[in-house]
Amino acid sequence: MIEIKNLSKVYTSRGRSVTALDGVDLSVAPGTVYGVVGRSGAGKSTLIRCVNLLERPTSGTVRVAGKELTALSSKALRAERRRIGMVFQHFNLLSSRTARENVELPLEIGPGGGRLTRRERRARALELLDVVGLTDRADAHPAQLSGGQKQRVGIARALAADPHVLLSDEATSALDPETTRSVLRLLKEVNERLGVTVLLITHEMEVVKAVCDSAALMADGRIAESGTIADLLTREHSELARELFQLGDAPTRTTLPDTTVLDVTFHGDDTAQPLISQLSRTYAIDVTILGAAIETVNGQTVGRMRIGLPGRFDDNVVQIGFLRERGLNVEVPS
Ligand SMILES: Nc1ncnc2c1ncn2[C@@H]1O[C@H](COP(=O)(O)OP(=O)(O)OP(=O)(O)O)[C@@H](O)[C@H]1O
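Residue numbers (the working numbering): 20 to 353.
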């Protein structure tokens with residue numbers, strides 16, 4: 020649904036240039052939720068603004084729903100942009116308008132907006148406020164709404180023109196944890212019920228865990244790592260997987276002499292626990308569990324376990340093979 024190829028963006032101001040994006044490739048499959056994470060300054064906001072060309076990339080191409088946006092005339096681009104909804108961190112609602120009137124806005128001003136009558140626009144806005152659970156707040160002004168309610172209005176407005184893609188720029192980072200969860204549930208619902216593809220940027224791993232099918236890690240304007248969550252989990256030395264399933268203070272060494280410490284990652288129906296017991300029985304060894312993080316990611320059980328096997332690494336090659344053959348990802352923690 021979104022295909023980004025070799026995208027670069029260099030900002031130049033007062034004779035100095037900053038490379039915000041440096042050859043980014045990204046592919047978001049239709050109907051999925053894709054999260055881009057990274058530290059402040061990594062280039063996430065620039066990337067998302069380049070997807071609907073709010074920001075013109077310096078080079079590279081952006082294709083959304085089969086149309087190469089970077090090759091369109093400004094008129095054609097305006098039409099395509101209507102099918103790309105955007106949700107902002109600070110909601111960007113007009114304070115003088117009610118919730119319903121804010122949702123109506125894109126239906127009034129976009130090309131073809133004039134095709135809907137006042138009555139139709141109103142009906143559509145009320146329908147969308149119902150989707151986001153705010154029917155009873157239709158006549159409230161933004162100042163009378165909570166942060167979560169304002170973001171719901173923001174989402175309803177983004178859906179007004181029936182988009183195939185929703186871009187979310189840190190949509191929950193101004194919200195408390197409980198409200199964050201409910202807004203994320205709504206985004207997921209929009210994705211599942213309406214089939215809208217969602218590309219979101221966030222600095223919170225919790226957001227990725229809650230709703231994303233795939234994720235990319237950005238650093239210094241580049242994609243350092245990307246893939247489906249399931250894929251990342253089984254990838255060796257994945258920084259994203261490590262960040263998603265932190266083992267807290269689990270020791271990387273043990274006080275036991277001659278012990279090989281391993282991180283075992285599993286997902287879906289592979290429950291690591293029975294396999295660890297099997298390993299222990301098969302090779303008649305004592306396995307020490309040093310730490311574990313088991314969580315639900317986007318409805319799936321996934322997790323990571325740090326274990327200790329007696330003996331040096333070389334003595335455990337067969338045991339490690341046993342776990343890998345059964346689909347577990349095994350690596351030595353750094
Ligand atoms: N309009 C601009 N003019 C000049 N430099 C910019 C502009 N916008 C962003 N940058 C620079 O580009 C780099 C990437 O910024 P960007 O905002 O995309 O990162 P980010 O990952 O979204 O960070 P944050 O989470 O803090 O917003 C930074 O070095 C930033 O200072």
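In this text, a Cβ means the ideal position worked out from N, Cα and C, and glycines have one as well.
Neighbourhood of ligand 1, defined by CB distance below 6 Å to any of its heavy atoms: 30, 32, 37, 39, 57, 59, 60, 61, 62, 63, 64, 65, 222, in chain order. When DSSP states are grouped into helix, strand and coil, residue 306 belongs to the coil group. In summary, residue 315 is exposed, with fewer than 16 beta-carbon neighbours lying within 10 Å of its beta-carbon over all protein chains present. In the displayed model, residue 150 falls within a helix according to three-state DSSP. DSSP, read as helix, strand or coil, puts residue 194 in coil. Annotation for residue 64: the continuous alpha helix (DSSP H) segment containing it runs 63 to 70. Judged by DSSP secondary structure, residue 105 falls within the beta strand (DSSP E) whose first and last residues are 103 to 107. Per DSSP, residue 20 is not a residue of any beta strand (DSSP E), being assigned neither H nor E.
Rounded to whole angstroms, the gap between the alpha carbons of residue 154 and residue 54 is 29 Å.
In the DSSP assignment, residue 313 forms a beta bridge with 322. Out of 237, 262, 256, 75, the CA that lies nearest to the CA of residue 348 is found in 256. Per the DSSP secondary-structure output, residue 202 pairs with nothing in a beta bridge.
Scanning its chain for C-beta atoms nearer than 7 Å, with the 5 sequence neighbours on each side dropped, one finds around residue 214 the residues 50, in chain order. Cα atoms of residue 285 and residue 247: separation of roughly 14 Å, rounded to the nearest angstrom. Remark: C-beta atoms of residue 122 and residue 175 approach each other more closely than 9 Å. Per the Cβ contact rule, the region 165 to 172 is not in contact with the region 79 to 88 (fewer than 3 Cβ pairs under 8 Å).
178 is the residue among 178, 58, 237 whose C-alpha sits nearest the C-alpha of residue 106. Residue 279 carries a strand assignment under DSSP once its states are collapsed to helix, strand and coil. With fewer than three CB-CB distances shorter than 8 Å, the region 26 to 38 does not count as touching the region 220 to 230. The region 107 to 115 and the region 136 to 155 do not touch, with fewer than 3 CB-CB distances between them shorter than 8 Å. Beta bridge pairing from DSSP links residue 29 with 38.
The alpha-carbon of residue 27 is positioned some 12 Å away from that of residue 89.
9 Å or more divides the Cβ of residue 184 from the Cβ of residue 128. Of all alpha-carbon atoms in 87, 326, 41, 76, the one lying nearest the alpha-carbon of residue 21 is that of 87. Judged by DSSP in its simplified three-state form, residue 241 adopts strand. Residue environment analysis places residue 305 among the exposed positions, since fewer than 16 neighbouring C-beta atoms fall within 10 angstroms of its C-beta.
For residue 43, the beta-bridge partners assigned by DSSP are 26.
Residue 157 carries a coil assignment under DSSP once its states are collapsed to helix, strand and coil.
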